[in-house]
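Residues 176 to 389 in this note's numbering are what the sequence shown spells out, letter by letter.
In this text, a Cβ means the ideal position worked out from N, Cα and C, and glycines have one as well.
None of the values given here were measured: they were computed from a predicted structure.
See below for the structure under consideration.
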Amino acid sequence: MANKKSITGKKIQLRNVRLSFPTLHKADVPKGYDNAEPKFSANFLLDPKDDLNKASIKECNAEIKRLIKEAWGTPPPKMKPIECFGKGEMFTNSATKQPYDGYEGMYAVSANNKKRPNCYDRDKSQLIPDEVEQKLYAGCYVDAIVNFWIQDNQYGEAVRCSLQGVRFRADGEEFGAGGASADDFDDLDDGELSDSLDDDFDDLDEEDDDLGLD
176 MANKKSITGK KIQLRNVRLS FPTLHKADVP KGYDNAEPKF SANFLLDPKD DLNKASIKEC
236 NAEIKRLIKE AWGTPPPKMK PIECFGKGEM FTNSATKQPY DGYEGMYAVS ANNKKRPNCY
296 DRDKSQLIPD EVEQKLYAGC YVDAIVNFWI QDNQYGEAVR CSLQGVRFRA DGEEFGAGGA
356 SADDFDDLDD GELSDSLDDD FDDLDEEDDD LGLD
């Protein structure tokens, strides 16, 4: 079988998901990877009891299965564990070995990219880097554009997830500042980005103000 460096999947819009460990205003090098290139990254929590999130979980599962089948037919014996998508309980603090705050009972998507993702306010006006940190905080609700992709090269066989864009949707309870940080996550490879993403997000109207977050 010919070696494939990567197979890029379709764009997936995650709607009304909770933002966690955002590194969106400035690229950062994860702890322990001093020689790695800085990356922008974020985790997105999906509630399987929420209809929008449930649909996204199903779409992510189907897309990962499709990409694996396209790349290899069946998962190769040495394929790395899927770390970019799964039940929240698999995302644990390296010190306590316990799931991160707010992750139990949820699903999570972990995505990153070397290139700055486009970030938007609720009305799809683009946020400048100085606005991103205040607007897109850990605990708020967002829409996100991601795509899964296949890594098949000298570094191994794996499913990765690329972060393309984030749009603020609604305020939420902010995660505590103590304990875990983005540096606790392993460094993941990135994929290709499109330069214009504003049209990838659905328009929000007044009916979207009631997001069922109580």
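Check: Reduced DSSP category for SER337 - H, G, I as helix; E, B as strand; rest coil; Outcome: strand
Check: Option nearest ASN236 by Cα separation, candidates TRP247, LYS262, ALA217, ASP225; Outcome: LYS262
Check: Where SER231 falls, given that 16 or more other Cβ within 10 Å makes a residue buried; Outcome: buried
Check: Residues of its chain near ALA333, where Cβ-Cβ distance is below 7 Å and the 5 sequence neighbours each way are ignored; Outcome: MET254, LYS255, GLN326
Check: Length-filtered (3 minimum) beta strand (DSSP E) runs lying within the region 292-329; Outcome: 293-295, 316-328
Check: Burial state of ALA211, where buried means 16 or more other Cβ atoms lie within 10 Å; Outcome: exposed
Check: Among GLU264, ASN287, GLN273, ALA286, nearest to GLY280 - alpha-carbon criterion; Outcome: GLU264
Check: Residue nearest to ASP305 in terms of C-alpha spacing, selected from PHE219, THR198, ASN287; Outcome: THR198
Check: Counted within 10 angstroms of its Cβ, other Cβ atoms place GLN329 as buried (16 or more) or exposed; Outcome: exposed
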